[in-house]
Amino acid sequence: MTDRLDISARVVEMRESCNKSKEEIAKHLGISLEEYEKYETGESDIPIGILYELAGIYGVDFTDFLTGVSPKLAGFCVVKKGEGKEIERYPGYSFKSLAYNFKNRKIEPLLVEIDLDENKNMKLVTHPGQEFNMVIEGNVRVIIGSNVVDLSPGDTIYFDSTIPHGQTVVEGKNAKFLTIIFHG
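Its first residue numbered 5, the sequence shown is counted upward by one per residue in this note's numbering.
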């Protein structure tokens, strides 16, 4: 599993190796210096959207922050069942990257599991681009701005991910869904 502190350390290392100040990066991201410093210390989880933006600033792949290793594959990438790269992002969510070793990805496919007991305080997030979700197991409530949509296995939703959004479990059991984030 990718640990929050490992990701934070890689963010610091990348910033320092590019000779950038915390202030410069916070300004570029459009966030406060205080918020950015919490990301670097590991006090706060770094949202996926911020990691994508940082990857763009430094000219590296998103996977560099997750694993510390650049993706190597270009023609195709196979990830066998259960072998996705685990990403720890938010309490109650388990993410597995399904294309972590493919370089220059235009999308980020992730298998997401929501733990009913851990997901009680779900927070809405935003990130650049667009997002597609398809429920595989359980029932998922998707909140997009002021809209609430309940989805069952096989149901899909596609939305503008710059709108505050989040997913939670409906009907008392864990859920699993495929999300594909289109970089914007």
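All C-beta atoms in this analysis are idealised placements derived from N, C-alpha and C, irrespective of residue type, glycine included.
Which residues share a DSSP beta bridge with K180?
Within the sequence shown, numbered from 1, the residue matching residue 180 stands at position 176. Answer is E117 and E141.
Cβ separation of S101 and I91, assumed to be a contact under 8 Å, to the nearest whole Å
Here residue 101 is taken as the residue at index 97 of the sequence shown, counted from 1. Here residue 91 is taken as the residue at index 87 of the sequence shown, counted from 1. 6 Å between Cβ atoms; contact.
For the stretch 51-63 and the stretch 19-35, state whether three or more C-beta atom pairs, one from each stretch, are separated by less than 8 Å.
yes
I need the boundaries of the beta strand (DSSP E) containing I161, first residue and last residue.
For the purposes of this step, residue 161 is identified with residue 157 of the sequence shown, where counting begins at 1. Counting along the chain, the beta strand (DSSP E) containing I161 begins and ends at T160 to D164.
Less than 6 Å between C-beta atoms, sequence neighbours within five positions excluded: which residues of the same chain meet that for F99?
Position 95 of the sequence shown, counted from the start, is the residue given in the question as residue 99. So the list reads I91, R93, L114 and V116, once near-sequence residues are dropped.
In this structure, does DSSP put V16 in helix, strand or coil?
Stepping through the sequence shown from its first residue, residue 16 is reached at position 12. The answer is helix: DSSP assigns V16 an H, G or I state.
Using the C-alpha atoms, what's the distance from S150 back to Y104?
As a first step, residue 104 is located in the sequence shown; it is residue number 100 there, counting from the start. As a first step, residue 150 is located in the sequence shown; it is residue number 146 there, counting from the start. About 33 Å.
From the DSSP output, in three-state form, read off S101 for me.
Locating residue 101 in the sequence shown gives position 97, counting from the first residue. Of the three classes helix, strand and coil, the one that applies to S101 here is strand, per DSSP.
Closest Cα partner of H131 within the set K84, S12, F186 and I29:
As a first step, residue 131 must be located in the sequence shown, where it is residue number 127. Distances from the CA of H131 to each of K84, S12, F186 and I29 were compared; the closest alpha carbon is that of F186.
With DSSP as the reference, please indicate the residues paired to L37 in a beta bridge.
Your numbering for residue 37 matches position 33 in the sequence shown. DSSP output for L37 lists no bridge partner at all.
Could you pull the start and end residues of the alpha helix (DSSP H) that E57 belongs to?
Walking along the sequence shown from the start, residue 57 turns up at place 53. Secondary structure note for E57: its alpha helix (DSSP H) is the uninterrupted segment I52 to Y62.
Within this structure, are the beta carbons of V1 and G170 separated by less than 8 Å?
The chain is shown from 5 up to 188; residue 1 falls before or after that span and cannot be answered.
So, under 8 Å CB-CB, L77 and K107 are touching, yes? Tell me the CB distance rounded to an integer number of Å.
The residue labelled residue 77 in the question sits at position 73 within the sequence shown. The residue labelled residue 107 in the question sits at position 103 within the sequence shown. Right, the Cβ-Cβ distance comes to about 7 Å (below 8 Å), so this counts as a contact.
Can you find a CB in chain C that lies within less than 8 Å of the CB of K89?
Chain labels in this structure do not include chain C; a single protein chain is all it has.
Helix, strand or coil at K31 [DSSP, three-state]:
Position 27 of the sequence shown, counting from 1, holds the residue named residue 31. Helix, per DSSP.
Is any heavy atom of the ligand GDP found at a distance shorter than 7 Å from the C-beta of K42?
The ligand content of the structure shown is nil, which means the ligand GDP is not present either.
Nearest to F136 by CA position, among T71, I148 and H32, is which residue?
Within the sequence shown, numbered from 1, the residue matching residue 136 stands at position 132. Measuring from the Cα of F136, the nearest candidate turns out to be I148.
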